[in-house]
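So the structure is just underneath, and the comments pick up after that.
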Amino acid sequence: MKYAFSIQQEKRQRAELGFDDLLSRLDAALQSAGGEQLALAIRQRYPVAMIDEFQDTDPQQYRIFQKLYVGREECGLLLIGDPKQAIYAFRGADIFTYMKARSEVSATTP
């Protein structure tokens, strides 16, 4: 825990962000009061998202994709994955996220 704190402190001093910081900030911004405006701006710039190796997506990443694309007829979301190839559990990837997304997509697809 002390090591994690010193890394965060060092990043603050250098005004640096890591990939996890970027994800956390985007997730928080999308859940905030102005989140829908941010989501709209992102969808306008990127109306289609293709996510390869989706089986290695973690819950936070999927929450972001959900907020941006799920249930939006004007957008496209392509999820490509094979649950038998999941290898990133050590960094938070969750096969249940894959299964949840699959069932949500199946429920909304004619």
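full-length UniProt numbering puts the first residue of the sequence shown at 1, with every later residue one more than the last.
All C-beta atoms, glycine included, are put in the ideal place defined by N, C-alpha and C.
Query: L22 versus D58: straight-line alpha-carbon distance, rounded; Result: 14 Å
Query: Residues that DSSP places opposite L78 in a beta bridge; Result: M50
Query: Proximity winner among L68, Y62 and A15, relative to A41 (alpha-carbon distances); Result: L68
Query: Stretch pair the segment 13 to 21 + the segment 45 to 59: three plus CB contacts closer than 8 Å; Result: no
Query: Residue from G76, R72, K11 and Q61 with nearest C-alpha to K100; Result: Q61
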